[in-house]
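Chemist: In terms of our numbering, the sequence shown opens at residue 48 and continues consecutively.
Even glycine gets a Cβ: it sits at the ideal position worked out from N, Cα and C.
A single structure is presented below for examination.
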Amino acid sequence: MKDAIAVPKEKQLSVLYRVEPGCLGPDGINYVKDFCQYAHNGFINHYKAYVSYQFIPRFDKSLAEMEYSINQRPLSSEKADQYMGLFAQTLSNFEDDLEEQLTVLIDKFFKR
């Protein structure tokens, strides 16, 4: 990963990640809110110089799993990919890292 100079908060890519209760198992609905807080506290942000995260439950499946914005202005995936390119990253690699970390956090959350 390219070393990046910290970007001011208002210019960072904000990622809203909606966690599916089902990814926490058949009783995930009972755990999803606690898991989102756990993920917020336990997530290792490899991109902290230019990306911030928010984890919330995904109760409405009509809403996207991930949304991107800068300074509360929505970005398409294409624009988010261009932003990541400024730091020699791709959105695809970023999303893969995010998914891998969430899998590890789910295991830790349930102490598997």
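#1: Where do the ends of the alpha helix (DSSP H) carrying phenylalanine 141 lie?
#2: When DSSP builds the beta bridges, which residues end up paired with proline 121?
#3: Name the residue from Phe134, Ala111, Ser109 and Phe106 whose alpha carbon lies nearest to the alpha carbon of lysine 95.
#4: Starting from tyrosine 64, follow the beta strand (DSSP E) in both directions and report where the run begins and ends.
#5: Which same chain residues, not among the five before or five after histidine 87, have their C-beta less than 7 Å away from its C-beta?
#6: I need the boundaries of the beta strand (DSSP E) containing phenylalanine 102, first residue and last residue.
#7: Suppose contacts are defined by Cβ-Cβ distances below 9 Å. Is serine 109 in contact with valine 62 by that definition?
Modeler: In brief:
#1: Element bounds for phenylalanine 141: 138-156.
#2: Looking at the DSSP assignment, proline 121 forms a beta bridge with Ser116.
#3: Checked all of Phe134, Ala111, Ser109 and Phe106; the closest Cα to lysine 95 is Phe134.
#4: Per DSSP, tyrosine 64 is one residue of the beta strand (DSSP E) stretching across 60-66.
#5: If we look at histidine 87 and ignore the five residues flanking it on each side, its Cβ neighbours are Phe102.
#6: Annotation: the continuous beta strand (DSSP E) that includes phenylalanine 102 extends over 98-104.
#7: Contact annotation: serine 109 and valine 62 have beta-carbon atoms that are not nearer than 9 Å.
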